[in-house]
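If you want our numbering, it's the 1-based position in the sequence shown plus 101. We put the CB at the ideal spot given by N, CA and C, even for glycine. These figures come from a predicted structure and were not determined experimentally.
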Amino acid sequence: MAYLTILTEGDETLRKKCRPIDEITPRILTLLDDMAETMHKANGVGLAGPQVGVLRRIVVVQTEPDGPLYEMINPKIIEFSGSQLDYEGCLSIPGKVGVVDRPDKVTVEATDRNGVQYRVTAEGFLARAFCHELDHLDGILYTDKAKRMMTQDELEHEEDD
102 MAYLTILTEG
112 DETLRKKCRP
122 IDEITPRILT
132 LLDDMAETMH
142 KANGVGLAGP
152 QVGVLRRIVV
162 VQTEPDGPLY
172 EMINPKIIEF
182 SGSQLDYEGC
192 LSIPGKVGVV
202 DRPDKVTVEA
212 TDRNGVQYRV
222 TAEGFLARAF
232 CHELDHLDGI
242 LYTDKAKRMM
252 TQDELEHEED
262 D
C-alpha cells in the first residue's frame, strides 16, 4: 500500500465533477486500499477520489477506529431526512472548521470492492461524513455550505469558554 498526497484548497482538481467507475480493476482495488491507508495516517474519517487527484466516484469512510470501513464506488444518496447543524473539517482544508447544516439521516447506495451493490442507512456523524465525502465527487467543498468558518485555534478557544 502507498500513502497518497492529499490535495489542498486552491487545487482546481477539488472543484471538478468525477466520472463514474465502469469496471472494478486491480487498480481500483489498490486505490481503495491506498485511500484507506492515507485517511488513517492523516487521522481523517473520510477521503474522496478528487482529494488524492483521482477524478472518479470513489470514497472511503470510517468514523470509528474499530468501526466498519465503508468503501464506496459510484455512491449516491437516495434518501435523506432531518437536519443537524455541527462543526465540520476536511483533510483538504487543514486548520479550519465550519458550521454546516447536513441531513441527520441518509441512505446511500454504492458498489463495494467485489462489485456488489448495497445500501447503507446512517444517522448523525456517519450521515454527515457520507454527505461530506459525496459532495467532493461533485466538486463541492464544505466551505461552500458553511454558515460560519473559523480556524481550529478559534474553535478550541471557543470550547474553553
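Rounded to whole angstroms, the separation of the alpha carbons of P204 and T131 is 31 angstroms. Counting along the chain, the unbroken alpha helix (DSSP H) around P127 starts and ends at P127 to K142. By the criterion of at least three beta-carbon pairs nearer than 8 angstroms, the stretch 183-192 is in contact with the stretch 238-254.
Assignment of beta-bridge partners to Y171 by DSSP yields V162. Taking R157 as the centre and dropping the five residues before and after it, the same chain places the C-beta of C119, R120, I122 and G150 closer than 7 angstroms to its C-beta, in chain order. If you draw a straight line from the Cα of S182 to the Cα of G111, it comes to about 32 angstroms. The criterion of a C-beta distance shorter than 9 angstroms is satisfied by V201 and Y243. Within the DSSP secondary-structure output, Y219 pairs in a beta bridge with A211. Taking the C-beta atoms as reference points, V162 is found nearer than 9 angstroms to A230. Going by DSSP, R229 is part of the alpha helix (DSSP H) stretching over G225 to H237. Between R220 and the set V198, G199, K177 and C191, the nearest pair of CA atoms involves K177.
If you draw a straight line from the Cα of K197 to the Cα of E257, it is about 11 angstroms long.
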